[in-house]
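Everything below concerns the one structure shown next.
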Amino acid sequence: MESQTDNMAILERTISAPASIGVVGMLRTLIGRWWVAFALSSVCVVSGHLMIKAGLNAVPKLVEASLAARILHVLTQPEVLIGLLVYLFGTACWMIAVSQKEISFLYPLSSVNYVLVVVASAMLFAEAIPVRRAAGVLLIVAGMFLLNRKSRSLA
Amino acid sequence: MNAKLMIWLSVILSAVAQLLLKQGLNQVRGRNGAGSSPMALIFAVATQVWVWLWGACFVFATALWLLGLQKLDLSYAYPLLSVGYILVNVLSAIFFNERVDRMRWIAVAVISVGVVLIAGS
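Residue numbers (the working numbering), protein chains in the order written: chain D, 1479 to 1633; chain U, 140 to 260.
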């Protein structure tokens, strides 16, 4: 995808800047490419939501409790908390991706998240996917591709 | 409160939160020129009422999401987040007078049909 000269330029920047030597520097250089930031955001947003759901499935439901008590109860579930953090990190990666590439290009691509979450829910949590739900997801994906056609000049 | 109602409220609150943040940042940009220092900008953002409202909406939306999702399928709740695209387009056309062209209204209609299908699934 990247040309050879781009790779060389990135390599040179990594080597010449003292602050970016080492693993941290390599990561910083990597996340500076829109597709790395975008892929990372998708992976984290999707896996974050899956972890949250896994945590919620594992925690016993409080029946006779106040709203606040029930919220605290689910938030003390480690999987839920870690899932939330992973999701927030994914959102940060999304913002990095958006700062490198037009949002009108990235929005339709991000609809892959809906497909991934639905497929993973069926596989991991044995959720049944009715035809209506699958059709709805496909329409949403189509709609997101339409959303940013011919709107590029509008902010 | 019914779990489906919680998920719907959460999704609507998230969309409203985005508009509140946009309103807050618009005002910050209006009052602070390009020459403002980063510290002044951070201070301006952190002391904005709209930004605080955004934070409150965000916290409420997350709490409602967690409680609702406890009882519902993730494959049902997650795609409903796309209601945000519908609301942001409609509300920013109304409140920010942003131009929404025909293609975008068609897209909003297609997404709406998708959401209705999922809601009935």
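Where is the CB? At the ideal position from N, CA and C, for every residue including glycine.
- Per DSSP, the unbroken alpha helix (DSSP H) holding Asn165 of chain U starts and ends at Ala142 to Arg170.
- Taking the CA atoms as reference points, Met1504 of chain D sits about 12 angstroms from Arg1511 of chain D.
- Residues of the same chain with a CB within less than 6 angstroms of the CB of Ala142 of chain U, apart from the 5 flanking positions on each side, are Gly207, Lys210 and Leu211 in chain order.
- Arg168 of chain U does not reach chain D, its nearest Cβ partner there being about 13 angstroms away, counting only Cβ pairs nearer than 9 angstroms.
- For Leu1534 of chain D, a Cβ of chain U is located within less than 7 angstroms of the residue's own Cβ.
- Between Val1558 of chain D and Gly1533 of chain D, the gap from beta carbon to beta carbon is short of 7 angstroms.
- If you compare the alpha carbons of U:Val254, U:Trp193 and U:Asp240 with that of Leu220 of chain U, the shortest gap goes to U:Val254.
- When the beta-carbon positions are compared, Met1529 of chain D and Ile1560 of chain D come within less than 7 angstroms of each other.
- Using a Cβ distance threshold of 7 angstroms, Ala156 of chain U and Phe197 of chain U count as a contacting pair.
- The Cβ of Leu158 of chain U sits no closer than 7 angstroms to any Cβ of chain D.
- When rounded, the separation of the alpha-carbon atoms in Val1502 of chain D and Leu1550 of chain D is 35 angstroms.
- For a cut-off of 8 angstroms, the C-beta gap from Phe199 of chain U to Leu230 of chain U is around 18 angstroms, too long to register as a contact.
- If you check the CB distance, Val249 of chain U and Gly1621 of chain D come in under 7 angstroms.
- DSSP places Gln1578 of chain D inside the alpha helix (DSSP H), whose first and last residues are Pro1556 to Gln1578.
- Of the other Cβ atoms in all chains shown, fewer than 16 fall within 10 Å of the Cβ of Leu1508 of chain D; this residue is therefore exposed.
- Straight across, the Cα-Cα distance linking Asn171 of chain U with Phe182 of chain U is about 11 angstroms.
- DSSP places Arg238 of chain U outside both helix and strand once states are collapsed to three, so it counts as coil.
- Residue burial is scored here from C-beta neighbours: Gly1568 of chain D has at least 16 other C-beta atoms within 10 angstroms and is therefore classed as buried.
- For Ala1613 of chain D, a Cβ of chain U is located within less than 7 angstroms of the residue's own Cβ.
- Against chain D, a Cβ distance below 9 angstroms from Ile250 of chain U picks out Leu1617, Ile1618, Ala1620, Gly1621, Met1622, Leu1624 and Leu1625.
- Only residues of its own chain outside the window of five on either side were considered, and among them Gly1533, Leu1534, Val1537 and Val1558 have a CB closer than 8 angstroms to the CB of Val1552 of chain D, listed in chain order.
- DSSP places Ile1607 of chain D outside any alpha helix (DSSP H), giving it a letter other than H or E.
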